[in-house]
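Sequential numbering of the sequence shown, starting at 1, is according to the numbering used here.
We treat Cβ as the ideally placed atom computed from N, Cα and C, and that holds for glycine.
As the structure is a prediction and not an experimental result, all values here were calculated from the model.
Note sheet for the following structure.
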Amino acid sequence: MSHRTTGALAATAALAVSLGCSMLGATTATAATEDSSSVPTYQQFRDSTFVDTDGQFVVNGDEPVSDSGKLRQFYDDMVGDKHTGRTMEDGLIVNTVSGKDDKWSASQVGNLTYCVSTKFGSDYSAMVSAMASGAGQWEAASSAIDFVHVPSQDSSCNTRNNSVLFSVEPVNTTQYIARAFFPSTPKRSRNVLVDDSIWTSGSWSPSNIVAHELGHTLGFRHEHTRPESGTCFEDNNWRALTPYDSASIMHYPQCNGSSSDLSMTNADRQGAAALYGS
């Protein structure tokens, strides 16, 4: 989740502007229109992309890419999508990999175990509460979804801990408030990283910020990548689930979104039920 006033798509800086995306950290979203000659080379794009503390590249504001091979694929898809376009008219949208929905199995989505690192220090209890509240928003949307906190693993909470599906860890960065992963992400990269700015993000409550990130962990993409938003295009690797929703919890307000507090909508709940069952 990017809520900054600097950086285009946080980690996709040069490419984002050249391909017609807005500044995700800006308070207003305006689309840039550049010709194809202004599209950076892959090397220029790679050099400008933020590398996180765990070595992953971060694109689209809060989405990690685990290695340079996948970053190259992301670049190629984005450059190609700029020229092919898309006109689909509906979707809370699910990420796709090789044309297939990026989602958990029926058994796994009912047992999404996680730990919350004790390294949050004095914010540990607040982070535990924010996770429970954010997870509860998705659990209320689909009875199939169950995020399970395993407190016994909190003192050794990292991606190497095989006793949980993913870890929730603190990070010190100016690039984003929080970032997460998709179901297809390998275990070694499966974490939710949270900067302490989550506690001072104005109308964006910690619960809603966490719920946005957990939306990614369930497979949901940024709603603003859809053509109806008019800006902040990311790529076309998604499938529609519900009608376009400018107020979606997965839609950045600064990308022509209509919600100021990042709250969950009925369409978001319908999308979760459409993907995982009610």
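> Beta carbon of residue 225, beta carbon of residue 256: below 7 Å?
Replying inline: no
> Counting along the chain, where does the beta strand (DSSP E) carrying residue 93 start and finish?
Replying inline: 93 to 97
>> Given this structure, state the Cα-to-Cα distance separating residue 210 from residue 134, to the nearest angstrom.
In response: 5 Å
> When burial is assigned at 16 or more other CB atoms within 10 Å of the CB, is residue 60 buried or exposed?
Replying inline: buried
> Is DSSP giving residue 210 helix, strand or coil here?
Replying inline: Of the three classes helix, strand and coil, the one that applies to residue 210 here is helix, per DSSP.
> For residue 180, which residues of its own chain have a beta-carbon under 6 Å away from its beta-carbon, when the five flanking residues on both sides are left out?
Replying inline: 192, 213, 216, 217
> So which of 245, 276, 187, 53 has the shortest CA-CA distance to residue 267?
Replying inline: 245
>> Between which two residues does the beta strand (DSSP E) holding residue 193 run?
In response: 191 to 195
>> When you compare the region 146 to 155 with the region 105 to 115, are there three or more beta-carbon pairs, one atom per stretch, that lie closer than 8 Å?
In response: yes
>> Give me the residue from 198, 270, 240, 189 with the minimum Cα distance to residue 65.
In response: Comparing alpha-carbon positions, the option among 198, 270, 240, 189 lying closest to residue 65 turns out to be 189.
> Can you name the residues that DSSP bridges to residue 239?
Replying inline: 94
> Since residue 142 contacts residue 277 with CB under 8 Å, what's their CB separation in whole angstroms?
Replying inline: 6 Å
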